[in-house]
Each structure stands twice: as structure tokens, then as C-alpha cells.
Amino acid sequence: MSRAFLPVLSLALTLPIAAFAGTPAAKPAAPARAAAPAATAAPSEPMAVVLETARGRIVIQLADKDAPKTAANFVKLVKRGFYDGTTFHRVIPGFMIQGGDPNSKDSNIFNDGQGGPGYTVPAEIKLPHLRGAIAMARMPDAVNPKRESSGSQFFICVADRKDLDRGGYTVFGKVVQGMDVVDAIVALADRKDIGRTAMGANPGTLALIRKATLEPLSKYAGAPAQAAPAQPVAPRATPAAADSSR
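FYI, the numbering for the sequence shown is -21 to -1, 1 to 225, going by mature numbering (1 follows the signal peptide of the UniProt record, and there is no 0).
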């Protein structure tokens, strides 16, 4: 199992040293001034994850207070370029689009859903599965009683799924811009020229994630997700059914 490494930040503090040599008789030293209070570090600016896909841009706001471990892992993978070149390999209308599998970079659609970074993430199941919510996929309870999340595979809800709120999946953010792009990916499921497996429709590179980056959330503030007609909730398989945490 792969280990997750946290960067260690070293702060080197240097103190200036004044040298005095051969000076005339000095005047009485002025009273020492009280040291200025240490400056308070400005809080880090909230960041958004931006997915540049073959259908357009999806902007995600992370719920790092409700799902800190999951959000931190997602950011780590984005910084590594882990998601670049992957696809949304599983599309189920009325339910979700699923991506984040490195196996989706190859041409074999039948191994999609089985890949990952080699570790799982502890469950942080708190937030509801609303339209636009982004959550981590996971293995079923029968083999995953702790409901740990996949290390990298995630899905975006395309409809409200209150049935998943009963101990379903770790929701760690929401789409704040680009739900029209998500819906465009869902629409690919109707095409007859895309791949299909037991997991669902697989649009391949038509749903390519070209690049995932971090950008200031303020850049997208006030730009809510574009509304689209609510889609009926279909009684389909959950993401756990075909996802692997490897």
C-alpha cells in the first residue's frame, strides 16, 4: 500500500548582526524600543479545483471543513497531475458521472473502474448527495465495512440522491460552475458510438479530463452552477458496485 507523504515546511530564520569598530565615544544609548508585535499571517485563500474537460470547464469548491482528509488528498493528486489525461469513464443518466481512474488513460475500457493510487481514504460521511455534489467512490460495505473511500475515483451527482445520504459516500465538495458541462457529459450516454460495459456508458476521450488545476476560488465567486432541469432519480447501481480502491 502506498504511503501518503506530507510536505515538510522548513523555516530558516536569520538574525542580522551589527558590527561596531573604532567608533568615537558614543552618546548615551537611546532607550530600546519595544519590539513590534509579530505580524499575523494572512489566512490562505480558498482554492477551487478546475477540471478542463473535452466538453468544457468544471469548477469545484472543496468542503475542506467537513471532509478535510478527503479534500486534502484530492488537492494532493491534482498537484501531482494525477487526473490529467483521465476520463469520466462511467456515465449513468439520472445518477452521476464517475472519473479519476488512471486506467482510463489506456484504450481498454474493461479495466476502467479498477485503478487508483494504491491506498484508501478514511470515511468522512456528513454532507448530502445533492445535484452537483462531488463524492468519492468506494467498494461495497460487504468488503469495506468502514466505508473507506477510493484513493482517487470520484463522482459528480447529476440529480439529488437522498437515498445515498444514509451512510453512502464521502461528499467533499460541489460544482460551483460548469453543471452544463456535467450535463453535456451525461448526454454522451445516448450516443451509439461510445463504449459500454456492465458499469454503464463509457464515453472515453469524449469525456477526457485534459487537465486539473488549482485556482483561487474568488475568481469564480458569484458564478453559481448553471441550472438545468432536474433529472429523475433512477434506481441504478451505486458507484461502489464497480469501483476499486486499489
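From the three backbone atoms N, C-alpha and C, an ideal C-beta is built for every residue, glycine too.
Because the structure is a prediction, the values reported are computed rather than measured.
My parser needs the beta strand (DSSP E) runs of 3 or more residues fully inside the segment 62 to 108; what are they?
67 to 71 and 75 to 78
Between Gly111 and the rest of its own chain, which residues show a CB-CB distance below 6 Å, the 5 nearest in sequence each way excluded?
Lys153, Val154, Met158 and Ala204
Rounded separation between Ala116 and Gly95 - CA only:
11 Å
Candidates Tyr199, Asp139, Ser131 and Arg145: closest to Thr66 by CA position
Ser131
State the Cα-Cα distance for the pair Ile76 and Met178, rounded to the nearest angstrom.
11 Å
For a quick check, are the C-beta atoms of Ala114 and Phe89 less than 8 Å apart?
no
Near Arg36, which residues of its chain fall below 8 Å by C-beta distance, leaving aside the five closest residues on each side in sequence?
Val29, Leu30, Gln156, Gly157 and Val160
Terminal residues of the continuous alpha helix (DSSP H) containing Arg170?
Here Arg170 belongs to no alpha helix (DSSP H), and DSSP marks it neither H nor E.
Buried or exposed: which applies to Ala121, given that a residue is buried once 16 or more other Cβ atoms fall within 10 Å of its Cβ?
exposed
Once you ignore the five residues that flank Ile39 on each side, which residues in its own chain have a CB closer than 8 Å to its CB?
Ala27, Val28, Val29, Leu30, Ile113, Gly152, Lys153, Val154 and Val155
Short check: CB of Tyr62 to CB of Ala191, under 8 Å?
yes
Going by DSSP in three states, Ser131 sits in which element: helix, strand or coil?
strand
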